[in-house]
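>
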Amino acid sequence: MIFDRVRGLQTKDTLTDPMAGFFVRKYLKGMNPIIDPFARNCEFAWPYTNDIDTSTNAEQHLDAEEFLKRMKDMRFGGAILDPPFSNHQSREIYGSENLYTDPAKMKRIEMELGSLIELGGYVVKFGYNSNFSHKSFECIAVRLVRYGGSMNDMIISVHQRTISGDWF
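Residue numbers for the sequence shown follow my numbering, so the first one is 1379 and each next one is one higher.
Now the structure itself:
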């Protein structure tokens, strides 16, 4: 497993941080198509972008779980999984509490997302942990992005699909 720790730039649009953007491009460049259920204004996975906030540039504006269920007949080479990390972050970005901090909801989202990824494909996950619920994936890389002071680090984990089928 690859692990590194870098200095980052905290931003509402995660992939505008060069350290985060580099990691996504490293693992997802050339993987087609890509899906992003929490895209905000990131167009890396266009047109398979979604964000519940209708003021963002995402193609769809659905609950992430519903968006992924609508994609059930498609297969993707990779995915970006960048939900709001906490209620505090959700209030700051979206102005409301975060339904995505519910562990059961995030597990369902991860299971739906994992089922859409082709064998050998990647999920690049952003958050305060490196867990990924779908058992067909192996964590192959972790980047710890530090911001300094008393700010929480961001964990970027890369999970590769190593088992075919829908084994959970």
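Backbone N, C-alpha and C fix where the C-beta goes; we use that ideal spot for every residue, glycine too.
Starting from arginine 1486, follow the alpha helix (DSSP H) in both directions and report where the run begins and ends.
Its alpha helix (DSSP H) spans residues 1481-1494.
> Identify the continuous beta strand (DSSP E) that holds methionine 1397 and give its terminal residues.
Premise fails: methionine 1397 lies in the alpha helix (DSSP H), 1396-1406, not in any beta strand (DSSP E).
> On a Cα-Cα basis, can you pick out the residue from His1537, Asp1451, Phe1504 that is closest to isoleucine 1518?
Of the listed residues, the one whose Cα sits closest to isoleucine 1518 is His1537.
> With DSSP as the reference, label alanine 1417 as helix, strand or coil.
In this structure, alanine 1417 counts as coil in the three-state DSSP scheme.
> Can you list, in chain order, the residues of its chain whose CB lies under 8 Å from that of leucine 1440, leaving out five sequence neighbours each side?
Asn1428, Ile1430, Arg1448.
> When the Cα of methionine 1409 is compared with those of Gly1526, Asn1507, Gly1498, which residue comes out closest?
With distances taken between Cα atoms, methionine 1409 lies closest to Gly1498.
> Lysine 1447 by DSSP, collapsed to three states: which one?
DSSP places lysine 1447 in helix when its eight states are reduced to three.
> What residue from Leu1494, Lys1513, Phe1416, Lys1404 has the CA that sits closest to glycine 1505's CA?
Comparing Cα-Cα distances from glycine 1505 to each of Leu1494, Lys1513, Phe1416, Lys1404, the minimum goes to Phe1416.
> Hey, isoleucine 1547 and isoleucine 1458: beta-carbon distance below 8 Å or not?
Residue 1547 lies beyond the stretch modelled for the chain, which goes from 1379 to 1546, so this question has no answer here.
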